[in-house]
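If you read the sequence shown in this note's numbering, its first letter stands for residue 5, the second for the next number, and so on.
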Amino acid sequence: MASPIPFFELTSPSMSEEESHSPNPVPDSGSAILRAVFLVVLILLGFYYLFVDFRGLSDAKGIEQAQIGREIARGHGFTTKTIRPVSLYQARSVDPETPLVGFKDTFHAPLNPLLNSVFLLTCQSAWDYEPEVQGNEENRSAIYLPDRVIAAVSALLLFCSIGITYLLVSRIFDAKIGGVTAILMLLCQLLWKFAQSGLPQNLLLFLFCFATYFLYKAVEMHNQGKSPWLWIALTGGFFGLLALAHWLTVWIFLGAIVFVAAYFRPRGVLAIMMAAIFLAIISFWGYHNYKNSGSIVGSGIYSFYSGLNNGEEEWVMRNADPKTDDFSLDGLPTKLVYGSLRQVNDLYSFLGSIVAAPLFFLSLLHAFRRREIANFRWCLLLMWVFGVGGMSLFGIRDPLEANQLHVLFIPLMTAYGLAIVSVLWHRLGLPMHAPMVRNGHFTIIILISAMPFLLTLVPSIIRGMYTKERVFKANWPPYMPAVIAELKDITEPNEVIVSDMPWAVAWYADRISVWTPRTMDQFESLVPYAEDKGTPVAGLHFSPLTTNKEMGSELFIRDRDWAALASRMAVAGVTRTPDAPEGLDIMGRQEFRFARAFYPMIGHSMFFYSDRDRRRLKESRAAASSSE
5 MASPIPFFEL
15 TSPSMSEEES
25 HSPNPVPDSG
35 SAILRAVFLV
45 VLILLGFYYL
55 FVDFRGLSDA
65 KGIEQAQIGR
75 EIARGHGFTT
85 KTIRPVSLYQ
95 ARSVDPETPL
105 VGFKDTFHAP
115 LNPLLNSVFL
125 LTCQSAWDYE
135 PEVQGNEENR
145 SAIYLPDRVI
155 AAVSALLLFC
165 SIGITYLLVS
175 RIFDAKIGGV
185 TAILMLLCQL
195 LWKFAQSGLP
205 QNLLLFLFCF
215 ATYFLYKAVE
225 MHNQGKSPWL
235 WIALTGGFFG
245 LLALAHWLTV
255 WIFLGAIVFV
265 AAYFRPRGVL
275 AIMMAAIFLA
285 IISFWGYHNY
295 KNSGSIVGSG
305 IYSFYSGLNN
315 GEEEWVMRNA
325 DPKTDDFSLD
335 GLPTKLVYGS
345 LRQVNDLYSF
355 LGSIVAAPLF
365 FLSLLHAFRR
375 REIANFRWCL
385 LLMWVFGVGG
395 MSLFGIRDPL
405 EANQLHVLFI
415 PLMTAYGLAI
425 VSVLWHRLGL
435 PMHAPMVRNG
445 HFTIIILISA
455 MPFLLTLVPS
465 IIRGMYTKER
475 VFKANWPPYM
485 PAVIAELKDI
495 TEPNEVIVSD
505 MPWAVAWYAD
515 RISVWTPRTM
525 DQFESLVPYA
535 EDKGTPVAGL
545 HFSPLTTNKE
555 MGSELFIRDR
565 DWAALASRMA
575 VAGVTRTPDA
585 PEGLDIMGRQ
595 EFRFARAFYP
605 MIGHSMFFYS
615 DRDRRRLKES
625 RAAASSSE
């Protein structure tokens with residue numbers, strides 16, 4: 005890596021005379037003070053987002069990857085207790101007798117769960133959530149300790165990414181732009197929210213920083229007439245790791261391959277080597293997916309179909325018989341263009357509301373004198389364009405979601421944006437001898453970019469002082485560990501819970517949970533299959549994901565089998581009846597009679613437990629108690 009550069013140094017030989025305008029370096033004492041302030045702010049923000057503002061993991065896929073990590077830590081390998089009906093369909097197409105215990109995951113990339121598993125071993129004693137100890141009636145969503153551990157790991161990766169970004173940007177431009185980029189990343193609320201989600205975005209950012217560092221180093225070596233083979237090999241290796249953290253980054257790698265093939269000579273040779281290293285790294289997981297699902301991309305192929313279906317991934321994943329869906333490629337070009345334009349329209353929020361980042365595209369019009377700087381921006385543009393294409397095909401709606409890859413480009417796009425603003429600022433003819441004027445553009449950019457964080461800081465602190473506000477107004481849906489964990493007390497370890505939020509049941513209750521199948525007929529098929537495998541269905545669990553659907557709405561009508569049942573039981577709960585109506589059956593089907601045995605909080609979580617299984621559990625526990 006580059007040799008250390010004084011923090012906030014105002015000049016650097018890496019900048020041309022046109023691109024560097026500040027003749028006097030900051031004294032060493034001033035640089036030390038700035039570093040100390042930066043470190044203090046970093047620690048304070050880490051404390052704020054991990055303790056004051058933290059409400060538990062906020063994203064379904066992040067929670068799901070967390071419970072896979074716990075299974076790895078237990079020595080169960082890449083298995084999951086969250087089972088998608090479509091994944092079960094794939095597994096049964098390979099092995100018709102696939103058990104629900106030790107179900108192999110083929111949806112998620114392995115690197116983030118594997119990393120989580122290492123750190124989850126440090127809090128093994130807290131894996132079993134004890135509601136009476138960690139939660140109570142006044143605080144039903146007391147933080148699950150492993151949630152905080154996983155968020156802390158993601159925050160640590162963010163810290164490391166900021167450090168690598170500083171070194172990379174300092175090498176490309178100068179230490180001043182590197183320092184301002186680091187500050188903007190530190191104050192980026194989106195990156196911190198990803199740390200709280202459990203998603204692998206900060207791991208992706210960490211790996212992408214290394215990959216781009218090595219790729220830029222290869223460009224430097226090539227321009228100096230030296231061999232770039234080592235740096236290209238390292239680039240391919242880190243892109244391989246990036247793909248093992250999120251399969252969608254393969255699209256970004258395609259952009260990098262196009263640049264390497266066109267830029268380096270002899271043309272195509274280095275690109276082939278880079279691709280070979282990349283494929284060698286990811287091939288083992290492709291084999292894992294093929295062995296367990298019949299597809300090298302596993303259940304991820306249905307994410308592509310959900311992208312074609314307007315991003316409605318839930319509707320695709322809950323289908324236990326995907327042959328009934330008509331996955332047509334008609335209109336694919338239109339959807340690709342529309343999805344790309346929608347991302348461009350929301351680009352500012354996708355790039356973390358950092359005002360300098362979208363200005364990268366303005367830097368494409370500037371004639372940088374250093375060839376490395378001028379050429380590398382086209383590599384960055386290619387990777388971003390391919391990434392946008394991939395996100396359009398697989399679906400992306402919000403800045404804070406699993407398929408959001410724009411965040412990977414925040415550091416370098418911000419750096420190029422800061423560089424072009426610096427060039428334009430110094431052409432205004434202002435009195436640059438005054439430090440406040442000379443650095444005024446950086447001050448303005450930092451203040452504007454920090455606004456989303458500053459505007460929410462005080463309200464968040466006030467809200468965090470009140471337990472009930474923290475419970476009900478934090479995440480949606482409100483994952484409440486103390487409520488969900490009680491499902492563990494009324495079910496056996498080998499029993500299956502069918503739920504509309506199986507990731508939360510698997511993580512907090514530590515029980516096998518199948519996502520509610522799309523139709524009642526599919527549920528009917530699941531029950532005898534699970535019984536035959538020694539994992540009987542204990543009951544149904546509903547949350548606000550189902551109970552909050554408005555009657556008559558499109559969502560209610562499409563999911564009417566479950567929404568109607570949940571509504572009927574919600575009425576029973578509001579009237580505080582001790583049990584569900586005598587002989588209640590699921591949508592008129594006498595063979596599935598469930599009585600309401602567990603209803604801890606109106607409007608949050610409902611569990612319908614079969615009378616037969618309830619009696620059996622009571623008898624088995626009574627026998628175990630007498631033997632003790």
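Virtual Cβ for every residue (Gly too), placed ideally from N, Cα, C.
Inset, instruction - For Ala-95, count neighbouring C-beta atoms within 10 Å of its own C-beta (all shown protein chains included) and say buried if the count is 16 or more, exposed if not. - result: Ala-95 counts as buried, since no fewer than 16 other beta carbons sit within 10 angstroms of its beta carbon.
Inset, instruction - Please state whether DSSP places Phe-177 in a helix, a strand or coil. - result: Annotated three-state conformation of Phe-177 is coil, per DSSP.
Inset, instruction - Let me know if Gly-244 comes out buried or exposed under the rule of 16 or more other beta-carbons within 10 Å of its beta-carbon. - result: Around the beta-carbon of Gly-244, 16 or more other beta-carbon atoms lie within 10 Å, marking it buried.
Inset, instruction - Starting from Ser-517, trace the alpha helix (DSSP H) both ways and give me its first and last residue. - result: Run containing Ser-517: none in the alpha helix (DSSP H); it sits in the beta strand (DSSP E), 516-519.
Inset, instruction - Look up Val-500 in the DSSP assignment and give the residues it is bridged to. - result: In the DSSP assignment, Val-500 forms a beta bridge with Ile-516, Val-541.
Legend entry - Nearest-angstrom Cα separation, counted from Glu-496 out to Ala-542: Rounded to whole angstroms, Ala-542 to Glu-496 spans 8 angstroms at the Cα level.
Inset, instruction - Starting from the C-beta of Phe-212, find all residues in its chain whose C-beta is less than 7 angstroms away, skip the five residues before and the five after it, and write them out in chain order. - result: Cβ neighbours of Phe-212 beyond the five flanking positions: Leu-246, Leu-412.
Inset, instruction - Measure the CB-CB distance between Ile-256 and Ala-419 and report whether it falls below 8 angstroms. - result: In this structure, Ala-419 does not lie closer than 8 angstroms to Ile-256 by Cβ.
Inset, instruction - Look up Lys-327 in the DSSP assignment and say whether it is helix, strand or coil. - result: Three-state result, Lys-327: helix.
Inset, instruction - Would you identify the three-state DSSP class for Thr-579, choosing helix, strand or coil? - result: Confidence is the limiting factor: at Thr-579 the pLDDT is only 41, short of 50, which leaves the residue's position unreliable, though a coordinate-based value still follows. In this structure, Thr-579 counts as coil in the three-state DSSP scheme.
Inset, instruction - Check whether the Cβ atoms of Val-98 and Ser-297 sit closer than 8 angstroms, and answer yes or no. - result: Contact: yes.
Inset, instruction - Would you kindly check if the distance between the Cβ of Pro-362 and the Cβ of Gln-193 is under 8 angstroms? - result: Taking the C-beta atoms as reference points, Pro-362 is found no nearer than 8 angstroms to Gln-193.
Inset, instruction - Would you be able to state if there are at least three C-beta pairs under 8 angstroms between the region 481-496 and the region 506-513? - result: Of all C-beta pairs linking the region 506-513 to the region 481-496, three or more are shorter than 8 angstroms, placing the two stretches in contact.
Inset, instruction - Going by CA-CA distance only, name the one from Ile-236, Asp-325, Phe-390, Leu-368 that's closest to Asn-347. - result: Before going further, note that residue 347 is Gln rather than Asn in the sequence given. For Gln-347, the closest C-alpha among the options Ile-236, Asp-325, Phe-390, Leu-368 is that of Phe-390.
Legend entry - For Leu-209 and Leu-171, the rounded distance between their alpha carbons: Between Leu-171 and Leu-209, the C-alpha separation is close to 15 angstroms.
Inset, instruction - Can you give me the start and stop residues for the alpha helix (DSSP H) that Lys-221 sits inside? - result: Its alpha helix (DSSP H) spans residues 205-227.
Inset, instruction - Ignore the nearest five residues each way along the sequence and tell me which others in Gly-290's own chain have a CB closer than 6 angstroms to its CB. - result: So the qualifying residues of the chain are Ile-300.
Legend entry - Spatial distance of Thr-102 from Gly-538 (CA atoms): For Thr-102 and Gly-538, the distance between alpha carbons rounds to 12 angstroms.
Inset, instruction - Using DSSP bridges, identify the partner residues of Lys-108. - result: Under DSSP, Lys-108 shares a beta bridge with Thr-83.
Inset, instruction - Locate the alpha helix (DSSP H) running through Asn-116, then write down its first and last residues. - result: 115-124 is the extent of the alpha helix (DSSP H) around Asn-116.
Legend entry - Through-space distance from Asn-206 to Leu-195, alpha-carbon basis: Leu-195 and Asn-206: Cα-Cα distance of roughly 7 angstroms.
Legend entry - Proximity winner among Phe-527, Leu-428, Tyr-217, Glu-405, relative to Trp-480 (alpha-carbon distances): Across the set Phe-527, Leu-428, Tyr-217, Glu-405, the C-alpha of Glu-405 shows the shortest separation from the C-alpha of Trp-480.
Inset, instruction - Grab me the residues of Val-90's own chain with a C-beta within less than 8 angstroms of its C-beta, minus the 5 sequence neighbours each way, in chain order. - result: A distance below 8 angstroms between beta-carbons, with the five flanking residues on each side excluded, links Val-90 to the following residues of its chain, in chain order: Ser-303, Tyr-306, Val-320, Met-321, Arg-322, Asn-323, Ala-324, Pro-326.
Legend entry - Whether Ile-643 touches Phe-82 by CB criterion (8 angstroms): The displayed coordinates of the chain run from 5 to 632. Any statement about residue 643 would go beyond what the structure contains.
Legend entry - Asp-504 classed as buried or exposed, judged by whether at least 16 other C-beta atoms fall within 10 angstroms: Label assigned to Asp-504: buried.
Legend entry - Selection from Ser-35, Gly-241, Trp-251 that minimises the alpha carbon distance to Phe-111: Selected option, being the one with the closest Cα: Trp-251.
Legend entry - Residue of Ile-377, Pro-435, His-370, Leu-458 minimising C-alpha distance to Ile-424: For Ile-424, the nearest C-alpha among the options comes from His-370.
Inset, instruction - May I ask you to verify whether the region 150-164 touches the region 106-126, counting CB pairs closer than 8 angstroms and requiring at least 3? - result: The region 150-164 vs the region 106-126: in contact.
Inset, instruction - Return yes when the Cβ of Leu-188 is within less than 8 angstroms of the Cβ of Ala-438, no when it is not. - result: Judged by beta-carbon spacing, Leu-188 lies beyond the 8 angstroms limit of Ala-438, meaning their Cβ atoms are not closer than that value.
Legend entry - Pairwise C-alpha distance: Gly-182 and Leu-61: Between Leu-61 and Gly-182, the C-alpha separation is close to 31 angstroms.
Legend entry - Rounded C-alpha distance that separates Gly-577 from Ile-358: Note that Gly-577 scores 49 on pLDDT, short of 50, meaning its location in the model is unreliable; the coordinates nonetheless yield the value given after this. Taking the straight line joining both Cα atoms gives about 47 angstroms.
Inset, instruction - Count the other C-beta atoms from every protein chain shown that fall within 10 angstroms of the C-beta of Gly-229, then say buried if there are 16 or more, exposed otherwise. - result: Exposed, by the Cβ-count rule.
Legend entry - Among Asn-443, Ile-449, Val-44, Ser-344, the one whose alpha carbon lies nearest that of Gly-394: Per the Cα distances, Ser-344.
Inset, instruction - Would you mind giving the Cβ-Cβ distance between Trp-382 and Thr-86, rounded to the nearest angstrom? I have them listed as a contact below 8 angstroms. - result: Not a contact, Cβ separation roughly 41 angstroms.
Legend entry - Unbroken alpha helix (DSSP H) run spanning Pro-435, endpoints: For Pro-435, there is no enclosing alpha helix (DSSP H), as DSSP gives it neither H nor E.
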